[in-house]
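Each residue of the sequence shown is one higher than the one before, counting from 1 in UniProt numbering. So the structure is just underneath, and the comments pick up after that.
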Amino acid sequence: MKAAVLYNFNESFKIEDSQPRGVGVKVNVVATGICGRDIVIWKGGFRNLKTPIILGHEIVGYYNGKPVAVYPNIYCGKCEYCKKGKENLCDNAIIIGENQNYSGGYAEEVIVPETNLIPLPDEKFEKYAAALDPVATAIHATKLVELNDESKVLVTGGGGGVGIHLIQYLKYLGVKEVYALTSKIDKVKEFTEYIINDVKGHKFDVVFELVGAKTINDSLRALNKEGTLVLIGNVEGEPITLSRPALSIMRQHKIIGSASYTKKEYEEAVKLIHENKIVPIYREYSLDDINQAYMDLVNRKVFGRAVLKIR
């Protein structure tokens, strides 16, 4: 099969013939989203990950001629978390494309457990590749906090792949004041009227922190007493340091990590996208253009998600 293989971090992918690795059934990949997590891996942010590797976990395609999405977390089903329906916290989890035994979706084929397949109601593959992961992330993250229509909420990195879909999902939930911290003002303003490039002068009940190290301290300064910061991403992979921990102590902040999503939440994302409750925002690239896609993402030239069209 044709695949984009990463041999060294921070270097170009090589397009070459390869063999899919995995246990289960074969899926013919049609499209794969490029996640912010993939960018962190490419930069060398996952120190225990070894190359060569075929990345890509936001996979959609055909199985036995029928359209499917691939839930990217291969979970054991036996640990205490899996038994509670929290397979996103599985003690033995393997993320497709991040393990030498399971190659990812930057390729024409993947082999995955059949239990990880989710039927798709239509063949609009690029839309699902772009939005399934972000929308499922939004569904999970919003369950970790108390929200109502009067909540004042901040989404950092509002023009990114998760950010623009999270904004839409918050609006879908009925939250009126959804603020976006972004430089992509002209494009994001179609989705929320509250756009800022500095948090000074603002106070928020909830912050969804998608950027991480570069913005988290400003986010905490803008967080109300008893407010909650949901830490979803750290795009540069840099260590996060709290510059004023006393601030969060005295304001009684909650800082909660949000660990991806469950299979049920992934299925819920399929439904929302199919019913046009969420508009997938993406730019499409061919597999041969993967290195250009990465450069555009690193240089913040992509609004929303980058999607690789595999076939």
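Quick reminder that beta carbons are idealized off the backbone N, C-alpha and C, glycines included.
Each of I41, F13, A31, L117 was checked against the Cα of N64, and the nearest Cα belongs to L117.
Y282 places its beta carbon 8 Å or farther from that of L132. For D205, the enclosing beta strand (DSSP E) stretches over residues 204-209.
In the three-state reduction of the DSSP assignment, L154 falls in the strand class, which pools E and B.
With respect to G44, F9 sits close: the two C-beta atoms are nearer than 8 Å. In the same chain as G33, and ignoring 5 residues on each side of it, the C-beta atoms closer than 7 Å to its own belong to E58, A129, A130, D133, R305, V307, in chain order. Under DSSP, P119 forms a beta bridge with V68. In this structure the segment 94-101 does not lie against the segment 155-170, because fewer than three pairs of beta carbons, one per stretch, are closer than 8 Å. Apart from sequence neighbours up to five positions away, the residues of its chain that approach Y194 with a beta-carbon distance below 8 Å are E177, V178, Y179, A180, ordered along the chain. Under DSSP, V307 shares a beta bridge with G33, E284. Judged by beta-carbon spacing, Y62 lies beyond the 8 Å limit of V25, meaning their Cβ atoms are not closer than that value. From the listed residues K124, T192, A136, the smallest Cα separation to L154 is found for T192. Check the Cα spacing between H165 and each of A136, D149, K152: the tightest is with A136. Looking at the backbone, the Cα of P67 and that of E123 are separated by about 6 Å. With respect to the C-alpha of I249, the residue from T228, E87, L173 having the closest C-alpha is T228.
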